[in-house]
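For the sequence shown, position 142 matches number 141 in numbering that gives the first Met the number 0, and the numbering has no gaps at all. Where is the CB? At the ideal position from N, CA and C, for every residue including glycine. In this text, all values refer to a predicted model and were calculated from it rather than measured experimentally. Here's the structure, in structure tokens; my notes come after.
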Amino acid sequence: MPIDQAIAFFVFALVAAGTPGPSNVLLTTAGANLGILGGIPTVLGVSLGMGLMLFLVALGLGGLLLDNPVALEALKWGGAVFLLWLAYKIASADGKSGGASHWALGFLPAAAFQWVNPKSWLVSASAAATYLGADAGNAGLAAFSLAAVFVAAALPSCLAWLTFGAAIHRVLQNERHLRLFNLAMGGLLAASVLWILF
């Protein structure tokens, strides 16, 4: 990838990863419940999960799914179920050392979440269509370059959301307040199901 294209894509990825969305709700919740160190697995899950998704979409997986209505419908409804389950796990966290949300905010759920996150699909499809040139030569290397630049841009953005959540944690020392925060974050995540279904 030429350096000017890499810089342009890095800026795109920084903005895409930094703007509010379902993954950033997870990161904020992880920071508020687990602190910065405890939330690092969530940061890595979101960043690397999105990088893997972008890599596979750039290789052509996105086109295959979009061309298969049955697979797309299964992804949509499976994603809705997963989002609602994750929203429940967050909303039901009791506020004690992360409670029920600790597992929901780990590496694997955060990485898997990217596959049902509408924003992740939109970003991946847009990035592949805009920044993957026909003259790339080696498709695998081009897809890997996109994914690597995206992860490099996503990590600081994800850390910013995690840090924001950890700053909120200082305000949420009261167990009742943390419980209300978890209910609100779970509700926001459940509301994002509307993006998938409608």
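Boundaries (first-last residue) of the alpha helix (DSSP H) holding residue i
| i | result |
| --- | --- |
| Val-56 | 21–58 |
| Pro-155 | 138–170 |
Cut-off 7 Å between Cβ atoms - residues of its own chain near residue i, not counting five sequence neighbours on either side
| i | result |
| --- | --- |
| Tyr-87 | Gly-185 |
| Leu-13 | Ala-152 and Ser-156 |
| Phe-163 | Thr-27 and Gly-30 |
| Gly-34 | Ala-165 and His-168 |
| Ala-16 | Ala-152, Ala-153, Ser-156 and Cys-157 |
| Leu-47 | Ala-110 and Val-150 |
| Tyr-130 | Gln-4, Phe-8 and Leu-145 |
| Ile-6 | none |
Secondary structure of residue i, DSSP reduced to three states
| i | result |
| --- | --- |
| Asp-3 | helix |
| Val-115 | coil |
| Asn-181 | helix |
| Ser-123 | helix |
| Leu-188 | helix |
| Ala-12 | helix |
| Gly-17 | helix |
| Leu-131 | coil |
| Gly-77 | helix |
| Ala-204 | Within the shown structure, residues of the chain are numbered from 0 to 197, placing residue 204 beyond reach of any answer. |
| Leu-85 | helix |
| Leu-104 | coil |
Reference residue i, options the options, closest by Cα
| i | options | result |
| --- | --- | --- |
| Val-42 | Leu-158, Ala-152, Pro-1 and Met-52 | Leu-158 |
| Ser-125 | Gly-59, Leu-36 and Gly-44 | Gly-59 |
| Asp-3 | Leu-25, Val-148, Pro-40 and Ala-142 | Val-148 |
| Leu-107 | Leu-25, Ala-5 and Asn-137 | Leu-25 |
| Asn-181 | Ala-190, Trp-120, Ser-91 and Thr-129 | Ser-91 |
| Trp-120 | Ala-190, Arg-175, Met-49 and Asn-173 | Met-49 |
| Leu-188 | Glu-72, Asn-67, Asp-66 and Ile-89 | Ile-89 |
Own chain residues within Cβ distance below 8 Å of residue i, not counting five before or after
| i | result |
| --- | --- |
| Thr-223 | Nothing in the structure corresponds to residue 223, since the chain is present only between 0 and 197. |
| Phe-260 | Because residue 260 is not part of the residues shown, which for the chain are 0 to 197, the question remains open. |
Nearest-angstrom Cβ-Cβ length linking residue i and residue j, presumed shorter than 8 Å
| i | j | result |
| --- | --- | --- |
| Gly-38 | Leu-161 | 5 Å |
| Leu-85 | Phe-112 | 7 Å |
| Met-52 | Ser-144 | Actually they are not in contact, since the Cβ atoms of Met-52 and Ser-144 sit about 15 Å apart, beyond 8 Å. |
| Ala-127 | Val-56 | 5 Å |
| Leu-104 | Asn-32 | 7 Å |
Same chain, Cβ closer than 6 Å to residue i, neighbours up to 5 away in sequence not counted
| i | result |
| --- | --- |
| Lys-118 | Gly-20 |
| Gly-139 | none |
| Gly-44 | Phe-106, Ala-109 and Ala-110 |
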